[in-house]
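S.K.: Following this message is one structure expressed as structure tokens.
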Amino acid sequence: MSDEAEVFDQIKVPGYTVHKVLGRGGMASVYLATQQSLHRKVALKILDDVRDDKFYRRFVNEGRFIASLRNPHIITIYDIAELADGRCYIAMEYVDGGDLLDKMEEALPPKFALKVARQVVEALATVHAKGIIHRDIKPANILFRTDGTALITDFGIAKSLDTNMELTRKGSAIGSPAYISPEQSIGSHVDFRTDFYSLGVVFFEMLTGTNPYRGKGYADTIRNHLEAPTPKFSRSLRKYQPLIDRLLAKPPEDRFGSAEELMAELDHFLEPFTEAPPGGSDKKEAGISFNPKTALAAIGITIIFSVAGYSWWSSSARQNKTAASYLAEAEAHLQSGHLYAPKQDNAGFFYLKALEADPDNKLAKAGVQQVVALLLQLGEQRLRENKLTKPEEDSAAYYFRRALAFDGANSIALKELGKIVDHHIALAKATYDAGNIEDANLIIDRALIIDPENDTAKRLREILALPDSHPNPFGGWQPNND
Numbered sequence: 001m002s003d004e005a006e007v008f009d010q011i012k013v014p015g016y017t018v019h020k021v022l023g024r025g026g027m028a029s030v031y032l033a034t035q036q037s038l039h040r041k042v043a044l045k046i047l048d049d050v051r052d053d054k055f056y057r058r059f060v061n062e063g064r065f066i067a068s069l070r071n072p073h074i075i076t077i078y079d080i081a082e083l084a085d086g087r088c089y090i091a092m093e094y095v096d097g098g099d100l101l102d103k104m105e106e107a108l109p110p111k112f113a114l115k116v117a118r119q120v121v122e123a124l125a126t127v128h129a130k131g132i133i134h135r136d137i138k139p140a141n142i143l144f145r146t147d148g149t150a151l152i153t154d155f156g157i158a159k160s161l162d163t164n165m166e167l168t169r170k171g172s173a174i175g176s177p178a179y180i181s182p183e184q185s186i187g188s189h190v191d192f193r194t195d196f197y198s199l200g201v202v203f204f205e206m207l208t209g210t211n212p213y214r215g216k217g218y219a220d221t222i223r224n225h226l227e228a229p230t231p232k233f234s235r236s237l238r239k240y241q242p243l244i245d246r247l248l249a250k251p252p253e254d255r256f257g258s259a260e261e262l263m264a265e266l267d268h269f270l271e272p273f274t275e276a277p278p279g280g281s282d283k284k285e286a287g288i289s290f291n292p293k294t295a296l297a298a299i300g301i302t303i304i305f306s307v308a309g310y311s312w313w314s315s316s317a318r319q320n321k322t323a324a325s326y327l328a329e330a331e332a333h334l335q336s337g338h339l340y341a342p343k344q345d346n347a348g349f350f351y352l353k354a355l356e357a358d359p360d361n362k363l364a365k366a367g368v369q370q371v372v373a374l375l376l377q378l379g380e381q382r383l384r385e386n387k388l389t390k391p392e393e394d395s396a397a398y399y400f401r402r403a404l405a406f407d408g409a410n411s412i413a414l415k416e417l418g419k420i421v422d423h424h425i426a427l428a429k430a431t432y433d434a435g436n437i438e439d440a441n442l443i444i445d446r447a448l449i450i451d452p453e454n455d456t457a458k459r460l461r462e463i464l465a466l467p468d469s470h471p472n473p474f475g476g477w478q479p480n481n482d
């Protein structure tokens, strides 16, 4: 047995089999392991010692904080517990798609760079909403699931905006020099805009293959952040210059004012890449993976086997499955980022199947709640962006309806969908009063797509179908058809 194998043999984590070291930090090490109950790969972050009570509390706080976040672009925490010797460990999602550093041996395509930046900012929006700044956005901390979804990890030096509390890492760690903001590099006050600066450095490096501030040594690199002018793109990338100018502005107040504002700017640059190609469609990603080749293959297989009686066989086989097997499928989909889509092939669907097999299963109930919480968060985020019904699979209405698919009585989803329908009804009335009957019909159609059983919307649909000579049904101004 090798020395390394002996070390792994000495690491006894109840319920897990440890395989190898994934990485080591100043106070903790990360191992690849298998969670025995669900037969899934996990990453175990184990505290090196328990002598520093203050650091121990920070380590636990880090795990609990990440576990409280609900975003497909933030690494998932499964468990926090103690070993027999008193050391704490965090069991988290094992991401096997590599990190951004692995992909940056040369310049990357703009579409890829923009999509990665967009997903990172979506994660930062969730983090910042909790009053926390990450402070260490860099390529090594941007990981990829096998389906290409980007997510951020390592909140080792994350800092509360309201206090001086740092989640983990002993001492005054300041982040990675090549990606650090000017204010963070000299120990000045920092806020969420320090993360935007670091992302700006990463974005420039993705597009050019070069870090614009890395110097010959630490001092030289810090001096570049403080004094060097904003780097310039070549002619082929010049359209992204206004974006990089704001991201890498020396004064924080000259950067983007919020994650939402930055996401809107990135969406603007992504628009040319998301237009539907001739003869097909290009679904906009919203934290889920859509692989056209895989989808077409799945459709073809389904058609062939349906003819042969596959549908009956599949249904019968699933009825005979145990809750544990459904949970294993749910966790596999959760790890790959398929939380709520595609339909009948996602984590939420299999959690529900597990509940059918075992109505009192706590893991299944918690899993459904996790999926619903994420959908509600995405729905509320789209409400803030005023994306009520469009895009069809990345709108507030879409996410709230998906939440109801997993929890039909969810009061938040029902309430918010009701508000969206009421908004469309009011808009239809105003549009009709303005003399545009055709658009009023279209608006009511959208309301009925959201809630086909809404009595008010159904009644208005009937009224709008009446002859033009019928009196104004809404009791407002009668359109002037002269």
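Residue 1 is where the sequence shown starts when you use my numbering, and the numbers rise one by one after that.
Cβ coordinates follow ideal geometry from the N, Cα and C atoms, glycine included.
#1: Roughly how many angstroms lie between the CA atoms of G215 and I75, to the nearest whole one?
#2: Check whether the region 84-97 touches the region 228-247, counting contact only when three or more Cβ pairs, one atom from each stretch, lie closer than 8 Å.
#3: Give the secondary structure of R24 by DSSP, where H, G and I count as helix, E and B as strand, and everything else as coil.
#4: To which residues does DSSP link L146 through a beta bridge?
#5: Grab me the residues of L296's own chain with a C-beta within less than 6 Å of its C-beta, minus the 5 sequence neighbours each way, in chain order.
#6: According to DSSP, is M263 helix, strand or coil?
#7: When the Cα atoms are used, what is the spatial distance from L207 to K353?
#8: If you follow the beta strand (DSSP E) that V42 is in, where does it begin and where does it stop?
#9: Would you identify the three-state DSSP class for T210, choosing helix, strand or coil?
#10: Terminal residues of the continuous alpha helix (DSSP H) containing D79?
#11: Once you ignore the five residues that flank H424 on each side, which residues in its own chain have a CB closer than 6 Å to its CB?
#12: So if DSSP puts M92 in a beta bridge, which residue, or which two residues, is it bridged to?
#13: If we count Cβ pairs, one from each stretch, closer than 8 Å, do we get three or more for the region 424-433 versus the region 394-403?
#14: State the DSSP-derived secondary structure class of T389, mapped to helix, strand or coil.
#15: Short of 8 Å in beta carbon distance, which residues of its chain neighbour A113, apart from the five on each side in sequence? Order them along the chain.
#16: If you follow the alpha helix (DSSP H) that T431 is part of, which residue opens it and which one closes it?
#17: Quick check: the region 121-136 against the region 181-196, are there 3 or more CB pairs under 8 Å?
#18: Considering only residues of the same chain and omitting the five flanking positions on each side of V121, which have a CB-CB separation below 6 Å?
#19: Check the DSSP bridge columns for V18 and list the partner residues they point to.
#20: Check for me: the alpha helix (DSSP H) holding S234 runs from which residue to which?
#21: May I have the straight-line CA-CA distance separating N441 from S395, to the nearest angstrom?
#22: Would you report the Cα separation of I303 and Q344, rounded to the nearest angstrom?
#23: Is the Cβ-Cβ distance between A428 and L383 less than 8 Å?
#24: In whole angstroms, what separates the C-alpha of I11 from that of H19?
#25: Of the choices R255, D451, P391, K390, whose alpha-carbon is the least far from that of K419?
#26: Below 6 Å CB to CB, which residues in the same chain sit around L69 once its five sequence neighbours on both sides are set aside?
#27: Looking only at its own chain, which residues have a Cβ that is under 6 Å from the Cβ of E329, when we skip the five neighbours before and after it?
#28: Suppose you measure from the CA of D99 to the CA of L151; what does that come to, to the nearest Å?
#29: Please report the Cβ distance between V371 and A332, rounded to the nearest whole angstrom; I am assuming they are in contact, meaning their Cβ atoms lie under 8 Å.
#30: Can the beta-carbon of Y78 be found closer than 8 Å to that of V42?
#31: Any idea what DSSP makes of L114, helix, strand or coil?
#32: Report the option in A373, E416, L363 whose CA atom is closest to the CA atom of T389.
#33: Cα-Cα, which of P229, K130, F144, S185 is closest to Y218?
#34: Anyone know if the C-beta pair for R145 and G97 falls short of 8 Å?
#35: Evaluate Y16 with the Cβ neighbour count: other Cβ atoms within 10 Å of its Cβ, from every protein chain shown; 16 or more gives buried, anything less gives exposed.
#36: Just curious, the alpha helix (DSSP H) that S181 is in, first and last residue?
M.R.: This is what the structure holds:
#1: Translated into the one-based positions of the sequence shown, residue 215 becomes position 215. Translated into the one-based positions of the sequence shown, residue 75 becomes position 75. Taking the straight line from one Cα to the other gives about 31 Å.
#2: Fewer than three beta-carbon pairs drawn from the region 84-97 and the region 228-247 are found closer than 8 Å, and the two stretches are therefore not classed as touching.
#3: Working through the sequence shown from its first residue, we reach residue 24 at position 24. In this structure, R24 counts as strand in the three-state DSSP scheme.
#4: Mapped onto the sequence shown, residue 146 falls at position 146. Per the sequence presented here, residue 146 reads as Thr, with Leu not at that position. Its beta-bridge partners do not exist; DSSP assigns none.
#5: Taking the sequence shown and counting its residues from 1, the one referred to as residue 296 is at position 296. Note that L296 has pLDDT 34, beneath the 50 cutoff, so the model's placement of it is unreliable and the number below is only indicative. Excluding residues within five positions, none has a Cβ falling inside 6 Å.
#6: Position 263 of the sequence shown, counting from 1, holds the residue named residue 263. Helix, per DSSP.
#7: Residue numbering aside, residue 207 sits at position 207 when the sequence shown is read from its first letter. Residue numbering aside, residue 353 sits at position 353 when the sequence shown is read from its first letter. Cα to Cα, L207 sits roughly 44 Å from K353.
#8: Indexing the sequence shown from 1 puts residue 42 at position 42. Bounds of the beta strand (DSSP E) holding V42 are 40-47.
#9: In the sequence shown, counting from the first residue as 1, residue 210 sits at position 210. Looking at T210 - three-state DSSP - the assignment turns out to be coil, as it is neither helix nor strand.
#10: Within the sequence shown, numbered from 1, the residue matching residue 79 stands at position 79. Per DSSP, D79 belongs to no alpha helix (DSSP H); it is in the beta strand (DSSP E), 77-82.
#11: For the purposes of this step, residue 424 is taken as the residue at position 424 of the sequence shown. The beta carbon of H424 sits closer than 6 Å to the beta carbons of I443, R446, A447 from its chain, once the five residues preceding and following it are set aside; these are given in chain order.
#12: Residue numbering aside, residue 92 sits at position 92 when the sequence shown is read from its first letter. Per DSSP, the beta bridge partners of M92 are A43, I77.
#13: By the Cβ criterion, the region 424-433 is not in contact with the region 394-403, since fewer than three pairs of Cβ atoms, one from each stretch, lie closer than 8 Å.
#14: Taking the sequence shown and counting its residues from 1, the one referred to as residue 389 is at position 389. It is coil, neither helix nor strand.
#15: Sequence index remark: in the sequence shown, residue 113 carries index 113 (1-based). Here the set comprises F203, M206, L207.
#16: The residue given as residue 431 occupies position 431 in the sequence shown. In the DSSP assignment, T431 falls within the alpha helix (DSSP H) that extends over 411-433.
#17: These segments touch.
#18: If you number the sequence shown from 1, residue 121 lands on position 121. If we look at V121 and ignore the five residues flanking it on each side, its Cβ neighbours are A259, L262, M263.
#19: On the sequence shown, residue 18 is found 18 positions in, with the first residue counted as 1. A33, per the DSSP bridge assignment.
#20: As a first step, residue 234 is located in the sequence shown; it is residue number 234 there, counting from the start. Neither: S234 is in no alpha helix (DSSP H) and is coded neither H nor E.
#21: By 1-based counting over the sequence shown, the position of residue 441 is 441. By 1-based counting over the sequence shown, the position of residue 395 is 395. One C-alpha to the other measures close to 21 Å.
#22: Walking along the sequence shown from the start, residue 303 turns up at place 303. Walking along the sequence shown from the start, residue 344 turns up at place 344. Because the pLDDT at I303 is just 31, under 50, the model does not fix this residue reliably, and the value given afterwards should be weighed accordingly. I303 and Q344 have their C-alpha atoms some 16 Å from each other.
#23: To locate residue 428, count along the sequence shown from 1; it is residue 428. To locate residue 383, count along the sequence shown from 1; it is residue 383. No, the pair does not count as a contact, with Cβ atoms beyond the cut-off.
#24: By 1-based counting over the sequence shown, the position of residue 11 is 11. By 1-based counting over the sequence shown, the position of residue 19 is 19. Approximately 10 Å between the Cα atoms of the pair.
#25: Within the sequence shown, numbered from 1, the residue matching residue 419 stands at position 419. Closest by alpha carbon: D451.
#26: As a working mapping, residue 69 is identified with position 69 in the sequence shown. Within the same chain, L69 has close Cβ partners T126.
#27: Here residue 329 is taken as the residue at index 329 of the sequence shown, counted from 1. Excluding sequence neighbours, E329 sits near F350.
#28: Along the sequence shown, one-based indexing puts residue 99 at 99. Along the sequence shown, one-based indexing puts residue 151 at 151. Going by the C-alpha atoms only, they are around 9 Å apart.
#29: For the purposes of this step, residue 371 is taken as residue 371 along the sequence shown, with counting starting at 1. For the purposes of this step, residue 332 is taken as residue 332 along the sequence shown, with counting starting at 1. Not quite, the Cβ-Cβ distance comes to about 14 Å (not below 8 Å), so this is no contact.
#30: On the sequence shown, position 78 is the one that residue 78 refers to. On the sequence shown, position 42 is the one that residue 42 refers to. Going by C-beta atoms, Y78 is nearer than 8 Å to V42.
#31: Along the sequence shown, read from residue 1 onward, the residue named residue 114 stands at position 114. Note: L114 maps to helix in three-state DSSP.
#32: Taking the sequence shown and counting its residues from 1, the one referred to as residue 389 is at position 389. If you compare the alpha carbons of A373, E416, L363 with that of T389, the shortest gap goes to E416.
#33: Position 218 of the sequence shown, counting from 1, holds the residue named residue 218. Nearest C-alpha to Y218: S185.
#34: As a working note, residue 145 is residue 145 in the sequence shown. As a working note, residue 97 is residue 97 in the sequence shown. One thing to note: R145 has its Cβ within 8 Å of the Cβ of G97.
#35: Start at 1 with the first residue of the sequence shown, and residue 16 comes out as number 16. When all chains shown are included, Y16 counts as buried.
#36: Looking up residue 181 in the sequence shown gives position 181. That residue, S181, is in no alpha helix (DSSP H); it is neither H nor E in DSSP.
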